[in-house]
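S.K.:
Chains as they are written, first to last, in this note's numbering: chain A, 120 to 284; chain B, 33 to 154.
Next up, the structure:
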């Protein structure tokens, strides 16, 4: 397929948005979180079985070992639940950051309206949902400004000089 | 057993929060955004506490809090905002809208449960 340069640029934005959106869905799928929950559930079931079996057994030493195992399981399950909770929140944060990139790319690919294919740094900043994103934005803007202020060999960019200089 | 209404557009977050709350002995109702949350309140749901995300489609967390504060049954219900946002401006907006507390993701189950206990009617 042949496209004009402008259409090709728009298509690249559409394609990148689709690729990143696909990535987002995989992150939100949360396979790690579900595995942690399942592990916690299975451990709890096993713990229940150990307790049930221990009740039928008159071996005091074995009962003590069972009690210790159940206590250890409870501690591990708490840690797994806590880890799953934290992971779910980190996935959520990643998904929201990805959403921001998808929205920005979709806007760049949008050919309708007066702001077609336009997205300013401020427009982008308006999409952010966390301070972390704003810090990254500020750091990248500073780096960009430093590079822009230097010529190819580290000399000052002539375009930054005033008219007639 | 106190009922908690959880609002978040991430299915994984809803499941995760539900699990933490149910393990702690709470009943949980869920909604995927503010509009869905308001529909549940209009249908007669009377939660003891509401836990809401900020960035959601259709009706975001701040719009939801404003609407919930107009609703006679949730005018004084504690509302906790749980969000990736840590910016002061959004926090102020949420406070003015009527939020009772603010937690920034990622938070720990113990911190969430401790905030819940502080806010739930004794």
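Where a beta carbon is used, it is the ideal one built from N, C-alpha and C, also for glycine.
Any chance you could list the alpha helix (DSSP H) runs of at least 4 consecutive residues sitting entirely within the segment 103-149 of chain B, in chain order?
M.R.: The qualifying runs are 120-129.
S.K.: Got a sec: is the Cβ-Cβ distance from residue 39 (chain B) to anything in chain A below 8 Å?
M.R.: Locating residue 39 (chain B) in the second chain gives position 7, where the first residue counts as 1. Closer than 8 Å: no.
S.K.: In its own chain, which residues sit with a C-beta less than 7 Å from the C-beta of residue 162 (chain A), not counting the 5 before and 5 after it?
M.R.: Taking the first chain and counting its residues from 1, one reaches residue 162 (chain A) at position 43. The answer, listed in chain order, is 192, 195, 196.
S.K.: Assign residue 184 (chain A) to buried or exposed, taking buried as 16 or more other Cβ atoms, counted over all protein chains shown, within 10 Å of its Cβ.
M.R.: What you label residue 184 (chain A) is simply residue 65 of the first chain in a count that begins at 1. Residue 184 (chain A) should be labelled exposed.
S.K.: Under 6 Å Cβ to Cβ from residue 156 (chain A), same chain only, skipping five residues before and after it: list those, please.
M.R.: Position 37 of the first chain, counted from the start, is the residue given in the question as residue 156 (chain A). 203.
S.K.: Compute the beta-carbon to beta-carbon distance between residue 200 (chain A) and residue 55 (chain B), rounded to the nearest angstrom, for a pair I have assumed lies under 8 Å.
M.R.: As a first step, residue 200 (chain A) is located in the first chain; it is residue number 81 there, counting from the start. As a first step, residue 55 (chain B) is located in the second chain; it is residue number 23 there, counting from the start. That pair is a contact at about 7 Å.
S.K.: Whole-angstrom Cβ separation of residue 73 (chain B) and residue 110 (chain B), contact assumed at under 8 Å?
M.R.: Here the question's residue 73 (chain B) lines up with position 41 in the second chain. Here the question's residue 110 (chain B) lines up with position 78 in the second chain. Not quite, the Cβ-Cβ distance comes to about 14 Å (not below 8 Å), so this is no contact.
S.K.: Report the start-end ranges of each alpha helix (DSSP H) in the segment 191-263 of chain A that is 4 residues or longer and not cut off at the edges.
M.R.: Those alpha helix (DSSP H) runs which fall completely within the segment 191-263 of chain A and span 4+ residues are 240-244.
S.K.: With burial defined as no fewer than 16 other Cβ atoms inside 10 Å of the residue's Cβ, what is the status of residue 249 (chain A): buried or exposed?
M.R.: Stepping through the first chain from its first residue, residue 249 (chain A) is reached at position 130. Buried, because 16 or more other Cβ atoms sit within 10 Å of the Cβ of residue 249 (chain A).
S.K.: Rounded to the nearest angstrom, what separates residue 48 (chain B) and residue 265 (chain A) at their Cα positions?
M.R.: Locating residue 48 (chain B) in the second chain gives position 16, where the first residue counts as 1. Locating residue 265 (chain A) in the first chain gives position 146, where the first residue counts as 1. For residue 48 (chain B) and residue 265 (chain A), the distance between alpha carbons rounds to 43 Å.
S.K.: By Cβ distance below 7 Å, which residues in the same chain neighbour residue 142 (chain A) in space, the five residues on each side in sequence not counted?
M.R.: Translated into positions along the first chain, residue 142 (chain A) becomes position 23. 217.
S.K.: Closer than 8 Å by C-beta to residue 154 (chain A): which residues in its own chain qualify, once you throw out the five before and the five after it? Chain order, please.
M.R.: Taking the first residue of the first chain as position 1, residue 154 (chain A) is located at position 35. Excluding sequence neighbours, residue 154 (chain A) sits near nothing in its chain.
S.K.: On the three-state DSSP scale, how would you describe residue 152 (chain B)?
M.R.: As a first step, residue 152 (chain B) must be located in the second chain, where it is residue number 120. Residue 152 (chain B): coil per DSSP, three-state reduction.
S.K.: Using a C-beta to C-beta distance shorter than 7 Å, which residues of chain A count as neighbours of residue 48 (chain B)?
M.R.: Reading the second chain from its first residue, position 16 is the one you call residue 48 (chain B). Those are 152, 203, 204, 207, listed as they occur along chain A.
S.K.: Establish whether the CB of residue 184 (chain A) and some CB of chain B are separated by less than 8 Å.
M.R.: Translated into the one-based positions of the first chain, residue 184 (chain A) becomes position 65. By this cut-off, residue 184 (chain A) is not an interface position.
S.K.: In whole angstroms, give me the CA-to-CA distance for residue 180 (chain A) and residue 58 (chain B).
M.R.: As a first step, residue 180 (chain A) must be located in the first chain, where it is residue number 61. As a first step, residue 58 (chain B) must be located in the second chain, where it is residue number 26. Taking the straight line from one Cα to the other gives about 37 Å.
S.K.: Quick one: does the C-beta of residue 127 (chain A) sit closer than 7 Å to a heavy atom of the ligand GTP?
M.R.: The ligand GTP is not among the ligands present in this structure, which contains no ligands whatsoever.
S.K.: Please list the partners that residue 164 (chain A) has in chain B, where partner means a Cβ-to-Cβ separation under 9 Å.
M.R.: Locating residue 164 (chain A) in the first chain gives position 45, where the first residue counts as 1. Simply none; closest approach about 15 Å.
S.K.: What is the residue span of the alpha helix (DSSP H) that residue 44 (chain B) lies within?
M.R.: The sequence position of residue 44 (chain B) within the second chain is 12, counting from 1. That run of the alpha helix (DSSP H) goes 43-55.
S.K.: So does the segment 61-68 of chain B actually touch the segment 85-100 of chain B, counting three or more Cβ pairs closer than 8 Å?
M.R.: Contact holds: three or more Cβ-Cβ distances are below 8 Å.
S.K.: Pick helix, strand or coil for residue 136 (chain A), following the three-state DSSP scheme.
M.R.: What you label residue 136 (chain A) is simply residue 17 of the first chain in a count that begins at 1. DSSP places residue 136 (chain A) in helix when its eight states are reduced to three.
S.K.: Going by other Cβ atoms of all chains shown within 10 Å of its Cβ, with 16 needed for buried, is residue 175 (chain A) buried or exposed?
M.R.: Position 56 of the first chain, counted from the start, is the residue given in the question as residue 175 (chain A). The residue is exposed, with fewer than 16 neighbouring Cβ atoms inside 10 Å.
S.K.: Quick check: the Cα distance between residue 246 (chain A) and residue 219 (chain A), rounded to an integer number of angstroms?
M.R.: Here residue 246 (chain A) refers to the residue found at position 127 when the first chain is read from its first residue. Here residue 219 (chain A) refers to the residue found at position 100 when the first chain is read from its first residue. Approximately 6 Å between the Cα atoms of the pair.
S.K.: Count the other CB atoms, across all protein chains shown, that sit within 10 Å of the CB of residue 242 (chain A); report buried if there are 16 or more and exposed otherwise.
M.R.: In the first chain, counting from the first residue as 1, residue 242 (chain A) sits at position 123. That one is exposed.
S.K.: Once DSSP output is grouped into helix, strand and coil, what is the label at residue 80 (chain B)?
M.R.: Here the question's residue 80 (chain B) lines up with position 48 in the second chain. Coil at residue 80 (chain B), not helix or strand.
S.K.: DSSP three-state call for residue 31 (chain B): helix, strand or coil?
M.R.: Outside the displayed range of chain B (33 to 154) lies residue 31 (chain B), so it cannot be described from this structure.
S.K.: The beta strand (DSSP E) spanning residue 150 (chain A) covers which residue range?
M.R.: Numbered from 1 along the first chain, position 31 holds the residue referred to as residue 150 (chain A). Counting along the chain, residue 150 (chain A) falls outside any beta strand (DSSP E), though it belongs to the alpha helix (DSSP H) covering 150-174.
S.K.: If you count every other CB in all the chains shown that lies within 10 Å of the CB of residue 159 (chain A), and 16 or more means buried, which is it?
M.R.: Here residue 159 (chain A) refers to the residue found at position 40 of the first chain. Per the 10 Å Cβ criterion, buried.
S.K.: Strictly below 9 Å CB to CB, what residues from chain B border residue 249 (chain A)?
M.R.: Residue 249 (chain A) sits at position 130 when you count from the first residue of the first chain. Neighbours of residue 249 (chain A) on chain B, chain order: 115, 116, 117, 118, 119, 136, 137.
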